[in-house]
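Residue numbers (the UniProt record's numbering): 1 to 216.
Backbone N, C-alpha and C fix where the C-beta goes; we use that ideal spot for every residue, glycine too.
Since we're looking at a predicted model, the values are computed, not measured.
Written out as structure tokens, the structure is:
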């Protein structure tokens, strides 16, 4: 009886794999919240600031980093979900090697994501020092080699949206400045208007009547 109970409670390699996948997805969800709430918002802000300063290349670098992080999180989550579905629907012994390889890759990607979650490295994108410029170049080269053409197109579309927002904001700023400036009116003359004497009134009205007659 005791042996039967212990064999039923034995943790299998499938159980460990399922647990590892759950732990990986939990970590991934934590990373997603941090990346979305902190890093990607800051990277988008950096892109806006760079565009306002006329630094298009720096803005593209920030948006590339943002897009890379978002897609890395999304793809990793999809892969782990596929593994979970696979484990629950197929005989584990047939796919054990694939699952273990997938878990190993998941751990590797999670470590890479963890390295990307450094706020200081994001701030380097706005640095004008030699180290900052070298870092920006390194990031650009790395991302361009890893991003697909579709992802690059998404970056360019987001850049166009930010440029349009920047132009609109600048136009509104100029309009608000113009509306705040007081309109200057000519000074009211301080002297009295000349009075028409009684003796000159007939001549005055005669001239007016002649003008009216001409127009008629």
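Residue i burial status per 10 Å Cβ neighbour count (16 or more: buried)
i: residue 21; result: buried
i: residue 102; result: buried
i: residue 17; result: buried
i: residue 130; result: exposed
i: residue 167; result: exposed
i: residue 136; result: buried
i: residue 76; result: buried
i: residue 12; result: exposed
Residue i, DSSP secondary structure in three states
i: residue 98; result: helix
i: residue 131; result: helix
i: residue 53; result: coil
i: residue 91; result: coil
i: residue 208; result: Confidence at residue 208 is low in this model, with a pLDDT of 44, below 50, so its placement is unreliable and no value can be given for it.
i: residue 147; result: coil
i: residue 11; result: coil
i: residue 203; result: Summary for residue 203: the model assigns pLDDT 47, below 50, so the residue's position carries little reliability; its value from the coordinates is reported in the next sentence. Reduced to three states, the DSSP call for residue 203 is helix.
Neighbour flag for residue i against chain C, beta carbons, 8 Å
i: residue 14; result: Structure shown: chain C not included; a single protein chain is present.
Neighbourhood of residue i by C-beta, 8 Å cutoff - its chain only, sequence neighbours within 5 removed
i: residue 73; result: 28, 31, 32, 35, 113
i: residue 48; result: 59, 162, 165, 166
Rounded distance between the beta-carbons of residue j and residue i, thought under 8 Å
i: residue 162; j: residue 64; result: Incorrect: roughly 13 Å between the Cβ atoms, too far for contact.
i: residue 62; j: residue 110; result: The pair is not a contact, with the Cβ atoms about 23 Å apart (cut-off 8 Å).
i: residue 151; j: residue 71; result: 6 Å
Own chain, CB closer than 7 Å to residue i, minus 5 neighbours either side, in chain order
i: residue 44; result: 66
Neighbourhood of residue i by C-beta distance below 6 Å, restricted to the same chain and skipping five residues each side
i: residue 25; result: 80
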